[in-house]
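Comments concern the structure below.
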């Protein structure tokens, strides 16, 4: 019976091809717009490290004096965006978490070994030794460096496979020398493609999407060689070198804690540290005690996903809703025009249920067509986003599950839209309309 | 007015359709008003005056790789050579520019300790002495810096140098914020907590990074030279010569010193275009979705009107048989549509403000201005009339004989 209804539906839709195409267009536009936005939001709010995210935390220490942070409207000054160098080094040396690392992004000039090649300017992350183990960055060859090498300001570097390819071709660069700014570094590791998106470990707001890090080297070495750091440096008092001052925040600091007990212990440790430092006259903001923020809340806190995007998603869903209302209206018109046909079927013994199913099938057919059109529109929308140079644009791809759910969503939307018109249609009494013809 | 009475009476029997139509119009009104606001808000950011002579400027970012050199001396040498390029009217080295994102924000207060006075966060856009002339920044009161006001070369020029600064040039917006209603010229401002005298006021100078707040023009210029190896050279030339000057500037800089990286060689207009790239994407998407939404809503209105005409063929026939003209029938459907759309708009106004309030709470959206509503209403009335025209014309062609065709 269902096959027959599909056939009837197709025939009826062909007969009123203009009305049908309008309905398909309405549902297709609504579905296309909402699926584009849902896809973009979905890829952007993905967990950057699915297996590890629940174990990674950012300790929050607010070393700013009272009264600092002048303009409340300026979100950038509302919370400290990082650690001071002395705090990061203290926590690092006391080593109370399973793993911990301090880091900050930067950029260096990379001189290829071939004399004729142009100097490259590559972005990277300056980190401490446990960075790789904590984030489980996959090594293709070699490894990271040790804490001792951190101390000795070792001239060592870990490259991404992409930069390794640029510099050394297909050969592994392990053991070879690469000149960064004006200093020779030894390549000790090459990473497989590892570009967690968003780049959660970087300073919020800097290269969050796209522009992946191409190299990693010890932060103490970078500091000694005065490599250029990126991101914000916030100071509240002057004197001395800003990077190593305890009055300037700029570093990112992450810790790995594997169980709730460890989290509680570390929380206690942070409080103790805070109190100890207060004895020395620091941490005067009694109202902001130290605490830990997990990876996912950290991303939410900094609005790593542009707020505009989720706003647009809600907008697109509103659009879908208007499309559904429009399709309800168009289906009402369409089904009621066939009152005569319904009447005849009812006279010949069709139950209300049969009529309802018949029109339900017709709605579903329209929904499927609308879903396919929506899929095309969504692909076009995503393509146009990918064409944009925004950092997140490159991520805008649909995976198979999204493809299927687009069509399913369209069918559900259309069947829902068809409910009311179909119910109205099956109210048509038998025989009554026969007189009309 | 008499027209409306039979319409209202007819609705008693068609509640469903009236509700559907009004809902459709209301939703469309609520969404489109807020989309228009989003578009307007983005557009307003894009049209903010930067305060610099945009069409005359080209820029090159130079990162020096020889750590031994003295950056300030290097900039001086570079600028001298850049100034000799034919067509270059002025050249300056700057550490920040509107739209280049290099935001160095300082707290500025009107009292030394910040108590009992006004305060604001302002961006510093410092440069070599030719900065104002090169960028074409317009001084509305006071003067440019005197050479002796620049801080000593041997003091730090970054954050630590701020304590040596004795003079500042600020924008009108910042002056108004710090000294509301008064002249700020000659007054003293404090930063960490060094006193500085305001020697000049400029009309506009946009911060390197702007947002939806009203502090986008809170900029200050301090007499500090860029002293890092990473600097931006700005050259002023005529619009026709920009490309050539840019190319020559790169050659000149490489010839002077090969051990550097040049990046971001572009015109100021390209910099601006790049900065607003994502806003343009956003505006495009918003316009496309608003147009799509209106189109779909019009489809829905047409569909419902069509349905209604079919349902009322007999009644139309009777009216025609009783002497109503085609025009009467046409007007009937048109005024009916007008009435329903008006109800929808009334509901839509409430919805528009509800959506607006919700969006304001979670996102950076402004309060919906009231004048959006009459515009939205007119738009939807027109949309309704266009959408109903086809079905209404069809209804007016129903022959009087239809009265006899069914019961």
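Residue numbers (the numbering used here), protein chains in the order written: chain A, 156 to 592; chain B, 5 to 411.
Just so it is clear, CB atoms sit at the ideal spot from N, CA and C, and this is done for glycine as well.
Since the structure is predicted, the reported quantities are computational estimates derived from the model, not experimental observations.
ask   = Do residue 52 of chain B and residue 214 of chain B come within 8 Å of each other at the CB atom, strictly closer than that value?
value = yes
request  = Ignoring anything shorter than 3 residues or poking outside the stretch 242-313 of chain B, list the beta strand (DSSP E) runs there in chain order.
outcome  = 264-271
key: alpha helix (DSSP H) runs contained entirely in the stretch 426-489 of chain A, provided each spans 4 or more residues   = 450-456
request  = Give every residue of the same chain whose Cβ lies closer than 8 Å to the Cβ of residue 257 of chain B, excluding the five residues on either side of it in the sequence, and list them in chain order.
outcome  = 64, 66, 82, 85, 86, 237, 264 and 266
key: Alpha-carbon spacing of residue 4 of chain B relative to residue 44 of chain B, whole angstroms   = Lying before the first or after the last residue shown, residue 4 of chain B is absent from chain B, which here runs from 5 to 411.
ask   = What did DSSP end up calling residue 85 of chain B once you bin it into helix, strand or coil?
value = helix
task = Please confirm if residue 540 of chain A has its CB atom under 8 Å from at least one CB of chain B.
result = yes
query = Using 8 Å as the limit for Cβ to Cβ distance, is residue 188 of chain A near chain B?
reply = yes
request  = Taking residue 467 of chain A as the query, report the chain B residues whose CB atoms sit under 9 Å from its CB, ordered along the chain.
outcome  = 42, 286, 289, 290 and 293
task = Could you please give the first and the last residue of the uninterrupted alpha helix (DSSP H) stretch that includes residue 199 of chain B?
result = Where residue 199 of chain B is concerned, there is no enclosing alpha helix (DSSP H), although the beta strand (DSSP E) it sits in stretches over 198-206.
key: CB of residue 140 of chain B within 8 Å of CB of residue 57 of chain B, strictly   = yes
task = Evaluate contact between the stretch 190-210 of chain B and the stretch 27-41 of chain B, counting only Cβ atoms and requiring at least three cross-stretch pairs below 8 Å.
result = no
request  = Following the continuous alpha helix (DSSP H) through residue 338 of chain A, name the residue where it begins and the one where it ends.
outcome  = Where residue 338 of chain A is concerned, there is no enclosing alpha helix (DSSP H), although the beta strand (DSSP E) it sits in stretches over 338-346.
query = Within 8 Å (strictly less), CB to CB, does residue 5 of chain B reach chain A?
reply = With a pLDDT of 49 at residue 5 of chain B, under the threshold of 50, the predicted position of this residue should be treated as unreliable, though the coordinate-derived value follows. Answer no: the Cβ-Cβ gap between residue 5 of chain B and chain A never drops below 8 Å.
query = What residues in the stretch 11-36 of chain B bring their beta carbon closer than 7 Å to a beta carbon of chain A?
reply = 24, 27, 28, 31, 32 and 35
inquiry  = Is residue 314 of chain B close to chain A? Criterion is C-beta to C-beta, closer than 8 Å.
reply    = yes
key: Contact list for residue 525 of chain A against chain B, beta-carbon separation under 9 Å   = Those within 9 Å of residue 525 of chain A in chain B number zero; the least Cβ separation is about 11 Å.
ask   = Taking Cβ positions only, does residue 281 of chain B come closer than 8 Å to chain A?
value = yes
request  = List the endpoints of the continuous alpha helix (DSSP H) containing residue 217 of chain A.
outcome  = Here residue 217 of chain A belongs to no alpha helix (DSSP H), and DSSP marks it neither H nor E.
Coil, strand or helix - residue 241 of chain A by DSSP = helix
ask   = Helix, strand or coil for residue 314 of chain A per DSSP?
value = strand
Contact set between residue 491 of chain A and chain B, taken where Cβ atoms lie within less than 7 Å = 311, 314 and 315
message = Closer than 8 Å between beta carbons: that is the criterion. Which residues of the stretch 119-152 of chain B meet it against chain A?
response = 123, 124 and 125
Beta carbon proximity, residue 366 of chain A to chain B, threshold 8 Å = no
inquiry  = Determine whether the beta carbon atoms of residue 178 of chain B and residue 124 of chain B lie at a separation below 8 Å.
reply    = yes
request  = For residue 346 of chain A, decide whether its Cβ has a neighbour in chain B, counting only Cβ atoms nearer than 8 Å.
outcome  = no
task = Going by DSSP, name the residue or residues bridged to residue 370 of chain A.
result = A:279 and A:314
query = Name the chain A residues whose beta carbon is nearer than 9 Å to that of residue 67 of chain B?
reply = 262, 264, 276 and 383
message = Closest to residue 374 of chain B by C-alpha separation, out of B:357, B:390 and B:243, would be which residue?
response = B:357
Alpha-carbon to alpha-carbon, residue 188 of chain A and residue 394 of chain B = 28 Å
message = At a cut-off of 7 Å, would you count residue 368 of chain B as near the ligand FMN, judging by its Cβ distance to the nearest heavy atom?
response = In the structure on display, the ligand FMN does not appear, and there are no ligands present to speak of.
Partner residues on chain A for residue 301 of chain B, Cβ-Cβ distance less than 7 Å = 477 and 481
query = Is residue 470 of chain A closer than 8 Å to residue 35 of chain B when the C-beta atoms are compared?
reply = yes
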